[in-house]
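Peer 1:
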Amino acid sequence: MKRFVWIFSQFLLALFLRHAHCEEVTTKEENASSGIRAIFLFKDVLKSNTTALLTSGFNSFIIFGVGILADGGIMYYSNTPGSKDTLIATNGSYVGSAALADKVRSFKSADAGGSSSNRVEISMNAQHVRDLMRSPGAGTDTPIYRNFVALREAWGLDAVNDDDESIYDASSKAAFAKMLGTAGYHYTVAPYTNGNFWVNLKTKLEGSSSSSSSSNGTSQAPLLDRVYLQCYDGGAENKPGSWQSALGMKVVPLVWVTNDSKPSQGTTAAQAESRFRAWNSASTLAGAGYWNDFDIEKNRLSYKAYGDVLTTLFP
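Just so you know, the sequence shown maps onto residues -22 to -1, 1 to 293 in mature numbering (1 follows the signal peptide of the UniProt record, and there is no 0).
What follows is the structure, encoded as structure tokens:
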């Protein structure tokens, strides 16, 4: 009888521990897909106001302007006067400057006072991806794979954001995304149109995960774990709730801050709060974000004003 009681108690303990572990995994995955406060960094990160960015409530930074060359090399293209295009990875090695690597890593640095940042991504278009996936392919010995590994290690990156607005080739894109997962990245997208394509791509990636997702190998977050939905310019009529229903996952709507490039598409902090609040009330969002830091600084806007909107709605 005593042995039976002991065995039964061990059984209950095992059930409890398993339940607790499942709750922990679920919580981590929910946290990864909620409370997202994002901003796209269009300005050269070596010239942007890093202190303001890190102390205004943003927790996800997406560095725009990274591109792939025909040979699989990786460039960081200049979008800022006084900066220049820079080759950052080639032949399986990081070749950018130490200063650039240190700056990118500082976005998640523990000693960045007041920072709540937990994620840094790079954003790129689809140039050369289809051709490189056809030849030499997505193997771990290919230049493109080795270059992405080198860049992740140098910059401490979490994900690659795909801003494809022209090519839309699902097969090569799925192969590319899975290659990134093997290299330790998550994969995110930034659609503004062509919803059926993105639904199809998500279907192709179901069951895929990033090698960085779990330390124990028992539970991994999806490879495609974020959708940054453009709700400005060509995507001005997008309804986040409709995209969420179609994709079967929460999205992160983006609005364009006040700007002098297309003033009609600009959004003040107060207007952003109104739009985000309405969308979130209609269909709970994963978070929200902005395009982009360059316009905030150029037009002398307040990072904190825009950041406070996000911390209020998506704490």
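All C-beta atoms, glycine included, are put in the ideal place defined by N, C-alpha and C.
Keep in mind it's a predicted model, so treat the numbers as computed, not measured.
Quick one: measure Cβ to Cβ for Leu232 and Tyr281, integer angstroms, because I've assumed they're closer than 8 Å.
Peer 2: The pair is not a contact, with the Cβ atoms about 16 Å apart (cut-off 8 Å).
Peer 1: Measuring CB to CB, does Val44 end up less than 8 Å from Met102?
Peer 2: yes
Peer 1: Rounded to the nearest angstrom, what separates Leu135 and Ala248 at their Cα positions?
Peer 2: 32 Å
Peer 1: Taking Arg278 as the reference, give the member of Asp238, Met227 and Thr290 with the closest Cα.
Peer 2: Asp238
Peer 1: For Ala168, which option in Ala161, Asp141, Ala148 and Phe154 has the closest C-alpha, if you only look at C-alpha atoms?
Peer 2: Asp141
Peer 1: From Pro121 to Ala67, what distance separates their C-alpha atoms?
Peer 2: In this structure, the CA atom of Pro121 is about 10 Å from the CA atom of Ala67.
Peer 1: Can you tell which of Leu225, Lys86, Gly70 and Met53 has the C-alpha that lies nearest to the C-alpha of Gly35?
Peer 2: Lys86
Peer 1: Would you tell me roughly how many angstroms separate the C-alpha atoms of Asp203 and Phe175, rounded to the nearest one?
Peer 2: 17 Å
Peer 1: Using a threshold of 8 Å, state whether the C-beta atoms of Leu234 and Gln222 are closer than that.
Peer 2: Correcting the residue type first, residue 234 is Trp in the shown sequence and not Leu. Not in contact: Trp234 and Gln222 (Cβ atoms no closer than 8 Å).
Peer 1: Taking all protein chains shown into account, do 16 or more other C-beta atoms lie within 10 angstroms of the C-beta of Asp109, making it buried, or fewer, making it exposed?
Peer 2: exposed
Peer 1: With DSSP as the reference, label Asn139 as helix, strand or coil.
Peer 2: In this structure, Asn139 counts as strand in the three-state DSSP scheme.
Peer 1: In three-state DSSP terms, what is Met227?
Peer 2: coil
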